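In short: position in the sequence shown from 1, add 110, done, that's the numbering used here.
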Amino acid sequence: MSPVNERKDYSFECTADDAGERLDRFLAGRLPEMSRSRLKSLIKEGHAAQDGRTIVEPNTRVKPGESYEISVPAPESPIPRGENIPLDVVFEDEQLIVIDKPAGLVVHPAAGNWTGTLVNALIAHCGDTLSGIGGVKRPGIVHRLDKETSGLMVVAKCDAAHRFLAEQFADHGRSGALERRYTALVWGVPHPRAGTIRTELGRKRENRQKMAVVKEGGRQAVTHYEVSETLPAGHSEPAASLVICRLETGRTHQIRVHMAHIGHPVISDPAYGAGFKTKAKLLGDPARAAIDKLDRQALHAHILGFTHPVSGQPMCFESPLPDDIALVIKHLIEN
């Protein structure tokens, strides 16, 4: 998928008449062909600057004599194309397909990943049967996993299945059969060993690509967790533990942010666990080498359950830990 036009860069100087105006409104007055909501999104994504300094807040007040730049990315073709990417199909019928997503595979096309995604693979695999109700860029997609999180996903192959599954995911299993459980390999041992993390999550002001626990203005996020094993077992201060997480909500990076919030980030998480790299120095060479080789957060969606949209029967699938995480666990046990 290639750009149909070139990126456009604009620069406007603030005059005395514009002083104190919001940045998004200031730009909208100079780019009438673009909606204010589109400009707000571009600012939040880091495409605006003041004299070369990136601005991510649309309500920034402009000042006379300062120049403000906005970079409008080249539009992309809205229709993804099928690509011959191997899929690990766990189950498939006329209504849906369950796949075991490997780490490194982006779910749907977006900025920086217009090709090579799960959607491109699904279009090639399912052909014209793939549901389009989720939009042309997300056909059949009812939930997501982060690029570097592995594990189970269900995708709808028809509109009726998409609506039915979307309702289950929106309910988060409160009144139905939906179940999502993740295995997280985290630093240290959470105390208590079982509990519920309940916070609001929102995007970080200084880095819109990262999430954070916020006091207000975020969205409620609830994660239930339980320590299933400490590694190495029997030690007074185990280096790590396997934690089973059950989601009651489905926010971006929820488990990763929540585990870091309680002081036990997911091992090898580059965004939320970088400050714990020094802990790896306390491990033996094999364990340290396995963690270095992991090169992604040790998080795996190992159980997925839902009600079938046609038969009404409960379905449940389980995925074993992938080899890269299993190898780290093996060496932690032997540490």
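Beta carbons: idealized from backbone N, C-alpha and C, even for Gly. Small disclaimer: the values here were computed from a predicted structure and weren't measured.
Leaving out five residues on either side along the sequence, give the residues of the same chain with a beta carbon under 7 Å from the beta carbon of H235. Closer than 7 Å at Cβ, skipping near neighbours: L197.
Range covered by the beta strand (DSSP E) that runs through D402: No beta strand (DSSP E) contains D402, which is instead part of the alpha helix (DSSP H) from 395-404.
Buried or exposed, going by whether 16 or more other CB atoms sit within 10 Å of the CB of I439? buried
R163 (DSSP reduced to helix, strand or coil): strand
State the Cα-Cα distance for the pair V114 and P183, rounded to the nearest angstrom. With a pLDDT of only 47 at V114, under the threshold of 50, the placement of this residue in the model should not be trusted, and no figure is reported.
Candidates A294, H374, E116: closest to L352 by CA position: A294
Which runs of the beta strand (DSSP E) fall wholly inside the stretch 288-329 and span at least 3 residues, in chain order? 289-297, 304-313, 321-324
Can you tell me the Cα-Cα spacing of R146 and G383, whole angstroms? 36 Å
Does the beta-carbon distance from R291 to I354 come in below 8 Å? yes
Helix, strand or coil at M144 according to DSSP, with G and I counted as helix: coil
Can you tell me which residues form a DSSP beta bridge with K211? G261
DSSP state of S421 mapped onto helix, strand, coil: Here S421 carries a coil assignment [DSSP, helix/strand/coil].
Is it buried or exposed, N230, if we count other Cβ atoms within 10 angstroms and call 16 or more buried? buried
Between the C-alpha atoms of T227 and K173, what's the straight-line distance to the nearest angstrom? 42 Å
Using three-state DSSP, classify A220 as helix, strand or coil. A220: strand per DSSP, three-state reduction.
If H410 sits next to S260, beta carbons under 8 Å apart, how far is it from one beta carbon to the other, in whole angstroms? 5 Å
According to DSSP, what are the bridge partners of D119? S181
Distance, A343 Cα to V299 Cα: For V299 and A343, the distance between alpha carbons rounds to 11 Å.
First and last residue of the beta strand (DSSP E) that includes A350? 350-357
Does the stretch 304-313 come close enough to the stretch 421-436 to have 3 or more Cβ pairs within less than 8 Å? no
Evaluate P249 with the Cβ neighbour count: other Cβ atoms within 10 Å of its Cβ, from every protein chain shown; 16 or more gives buried, anything less gives exposed. buried
Going along the chain, which residues of its own chain have a beta-carbon closer than 6 Å to the beta-carbon of V208, five neighbours each way excluded? Taken in chain order, the residues that qualify are V200, F201, V264, F427.
Nearest-angstrom Cα distance between A397 and L442? 6 Å
How far does the beta strand (DSSP E) with E102 in it extend, from its first residue to its last? Examination of residue 102 is not possible in this model, given that the chain is present from 111 through 445 alone.
From this set, H157, I189, G214, E116, which residue's C-alpha is nearest I180's C-alpha? H157
How would you label L392, buried or exposed, when you count the other beta carbons within 10 angstroms and need 16 or more for buried? exposed
Give me, in chain order, the residues of the same chain whose beta-carbon lies closer than 8 Å to that of Q205; leave out the 5 immediate sequence neighbours on both sides. A266, K267, C268, A270, A271, H418, P419, V420
Are there 16 or more other CB atoms within 10 angstroms of the CB of E258, so buried, or fewer, so exposed? Flag for E258 reads buried.
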